[in-house]
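Be aware that the sequence shown starts at 115, since it is given in my numbering, and climbs by one per residue. All C-beta atoms, glycine included, are put in the ideal place defined by N, C-alpha and C. None of these values were measured; they are calculated from a predicted model. First comes the structure, then the notes that go with it.
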Amino acid sequence: MSGHKGKRKRTDDPPEEAERPLDLEAVLQKSIERAATLIEQSSRILLLVGAGISTSAGIPDFRSSDGLYAAMKDGRLEEEGRVSETPVSDATLHSPTPSLRSRRAAAVQGERLRQRLQETEDTFKIADPQELASIEVFREHPEVFYSFAKQVLPGDRTPTETHRWIRSLELNGKMLRLYTQNIDQLETAAGIEAVIPCHGTFATASCIRCQRKVPGANIAEEIQKGTVPYCQVCKRSKSKPIRGYLPYMKPDITFFGEPVDTRVEKQLKLDRLQADLLIVIGTSLLIPPIRDIPKLFKHIPQILINRNKPKAIDPEILLLGNCDDIIHRLEEYMQHKGKAGVTR
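Shown next as structure tokens:
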């Protein structure tokens with residue numbers, strides 16, 4: 115055994131480079147500056163957005179710990195579509211306290227929905243929360259979708275700072291197109307014109323039995339109540355069932371398990387020839403074929419603004435955090451520097 119002893123580190127020695135804490139704030143600021151430069155240099159920006167850009171407008175996402183799925187799992191999502199602050203408990207159901215008694219009926223409804231959710235999960239072997247919005251589940255149990263549809267129904271919600279910033283890019287002639295996975299239509303409410311709704315909208319609805327299409331407003335009342343809307347024509351008809359389906363009305367949105375509109379793919383191929391920058395905001399990039407868009411545009415620079423980094427993208431610039439917070443800082447920096455793309 116060697117008698118050599120390692121050099122004892124003195125307590126007053128300067129810290130090694132690896133021991134210095136990483137200044138995350140400085141890293142973020144540098145990335146914001148680089149993103150601003152890329153945006154300034156671009157004139158045909160393609161944007162891809164997801165649920166993360168709408169959460170600050172009061173529209174919950176599906177997968178997060180405080181999203182729709184979690185609310186249904188612990189009974190906080192009531193039948194009418196409201197999300198309670200606390201989960202259902204025996205104390206809530208049986209408490210003599212007036213303030214808690216006032217929630218009793220709603221809590222009972224939430225518990226019924228939770229039990230129905232569990233039955234649906236067991237029947238269809240649900241592995242992913244978004245499968246609750248699958249076409250297979252909808253055809254068998256449309257009440258599951260309509261129990262939470264109110265939460266994502268376009269209403270009087272106000273577009274977020276991110277929506278308004280995207281509109282400013284368009285007004286300044288820097289945006290080629292916006293591809294949204296959201297069905298809340300806040301892009302339209304913000305005035306954005308060049309928008310492709312990859313997963314459809316609530317603007318229309320169709321009967322899954324006879325395919326009759328009606329304005330979405332025709333079923334808005336049922337959605338608000340959390341009840342299943344039926345096709346009025348089929349209800350009056352005495353003809354035999356078509357394909358064995360009951361005449362439920364389905365919003366013309368793309369359910370899990372349904373193909374994306376072919377027009378989306380065609381437009382992407384055209385935009386691939388023109389876009390000079392891809393900005394991805396507020397999406398986990400888990401749903402095909404939308405998750406493949408970064409790969410399709412790998413020939414141009416990419417910026418990601420999200421709470422975490424999805425596996426489906428390897429951007430030149432990564433801006434981690436709340437979408438609105440990042441956009442606010444980016445916009446402030448660009449305004450300070452007098453760069454394009456920020457006019458309101």
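Is it right to say Arg291 is buried, meaning 16 or more other beta carbons lie within 10 angstroms of its own, or is it exposed?
Here residue 291 is taken as the residue at index 177 of the sequence shown, counted from 1. Arg291 should be labelled buried.
Which one or two residues does DSSP pair with Asn420 in a beta bridge?
On the sequence shown, position 306 is the one that residue 420 refers to. Per DSSP, Leu434.
Could you give the first and the last residue of the continuous alpha helix (DSSP H) run that contains Phe259?
For this step, residue 259 is matched to residue 145 along the sequence shown. 256-262 is the extent of the alpha helix (DSSP H) around Phe259.
Go ahead and pull the three-state DSSP assignment for Gly452.
As a position in the sequence shown, residue 452 is number 338, starting the count at 1. Residue state, collapsed to three classes: coil.
Do you know how far the Cα of Ser351 is from the Cα of Arg271?
Stepping through the sequence shown from its first residue, residue 271 is reached at position 157. Stepping through the sequence shown from its first residue, residue 351 is reached at position 237. C-alpha separation (whole angstroms): 38 Å.
Name the DSSP beta bridge partners of Pro311, please?
Within the sequence shown, numbered from 1, the residue matching residue 311 stands at position 197. Answer is Thr294.
Limits of the unbroken alpha helix (DSSP H) element including Asp406:
Position 292 of the sequence shown, counting from 1, holds the residue named residue 406. That residue, Asp406, is in no alpha helix (DSSP H); it is neither H nor E in DSSP.
Three-state secondary structure (DSSP) at Gly366?
Counting from 1 along the sequence shown, the entry for residue 366 is found at position 252. Per the sequence shown, the amino acid found at residue 366 is Asp instead of Gly. Note: Asp366 maps to strand in three-state DSSP.
Kindly list the residues whose CB is nearer than 7 Å to the CB of Ile459, restricted to its own chain and excluding five residues on each side of it in sequence; keep chain order.
Absent from the structure is residue 459, since the part of the chain shown begins at 115 and ends at 458.
Look at the Cβ atom of Leu418, then the Cβ atom of Ile427, and state whether they are nearer than 9 Å.
As a position in the sequence shown, residue 418 is number 304, starting the count at 1. As a position in the sequence shown, residue 427 is number 313, starting the count at 1. Cβ distance < 9 Å, so Leu418 and Ile427 count as in contact.
With distance defined between alpha-carbon atoms, name the residue in Tyr447, Ile407, Glu445, His450 nearest to Gly459.
With the chain covering only 115 through 458, there is no way to say anything about residue 459.
Comparing C-alpha positions only, which one of Thr151, Asp366, Glu139, Ile159 sits nearest to Arg386?
Within the sequence shown, residue 386 is the residue found at index 272, counting from 1. Taking only the C-alpha atoms, the option nearest Arg386 is Ile159.
Check Lys339 in the structure and name its three-state DSSP category.
Mapped onto the sequence shown, residue 339 falls at position 225. Looking at Lys339 - three-state DSSP - the assignment turns out to be helix.
Given 8 Å, three or more beta-carbon pairs between the stretch 280-296 and the stretch 251-262:
no
As a quick exercise: from Gly452, Gln381, Ser261, Cys437, pick the residue whose alpha carbon is nearest that of Gly340.
Position 226 of the sequence shown, counted from the start, is the residue given in the question as residue 340. Measuring from the Cα of Gly340, the nearest candidate turns out to be Ser261.
Euclidean distance between Cα positions of Ala263 and Lys451:
As a position in the sequence shown, residue 263 is number 149, starting the count at 1. As a position in the sequence shown, residue 451 is number 337, starting the count at 1. A straight line joining the alpha-carbon of Ala263 with that of Lys451 spans about 43 Å.
Hey, Thr397 and Gly172 are a contact pair by Cβ (cut 8 Å); roughly how many whole angstroms apart?
Mapped onto the sequence shown, residue 397 falls at position 283. Mapped onto the sequence shown, residue 172 falls at position 58. Incorrect: roughly 19 Å between the Cβ atoms, too far for contact.
Please determine, among Arg326, Val309, Ala304, Asn296, the residue with the shortest C-alpha to C-alpha distance to Phe316.
Taking the first residue of the sequence shown as position 1, residue 316 is located at position 202. Closest option to Phe316, judged by alpha-carbon separation, among Arg326, Val309, Ala304, Asn296: Asn296.
Starting from the Cα of Ala308, find the closest Cα among Cys321, Thr318, Thr294, Ala319 and give me that residue.
Counted from its first residue, the sequence shown places residue 308 at position 194. It is Thr294 whose Cα lies nearest to the Cα of Ala308.
According to DSSP, is Ser282 helix, strand or coil?
By one-based count along the sequence shown, residue 282 stands at place 168. Three-state DSSP puts Ser282 in a helix.
Nearest to Thr169 by CA position, among Ile395, Gln416, Lys349, is which residue?
By one-based count along the sequence shown, residue 169 stands at place 55. Among Ile395, Gln416, Lys349, the Cα nearest to that of Thr169 is on Ile395.
Given that a residue counts as buried once 16 or more other Cβ atoms are within 10 Å of its Cβ, and exposed if not, what is Glu445?
The residue you call residue 445 lines up with position 331 of the sequence shown. Looking at its Cβ environment, which holds 16 or more other Cβ atoms inside 10 Å, Glu445 is buried.
CA-CA distance, Cys437 and Tyr447?
The residue labelled residue 437 in the question sits at position 323 within the sequence shown. The residue labelled residue 447 in the question sits at position 333 within the sequence shown. Going by the C-alpha atoms only, they are around 15 Å apart.
What's the C-alpha gap between Ala219 and Met363?
By 1-based counting over the sequence shown, the position of residue 219 is 105. By 1-based counting over the sequence shown, the position of residue 363 is 249. With a pLDDT of 49 at Ala219, under the threshold of 50, the modelled position of this residue cannot be trusted; read the value that follows with caution. Taking the straight line from one Cα to the other gives about 28 Å.
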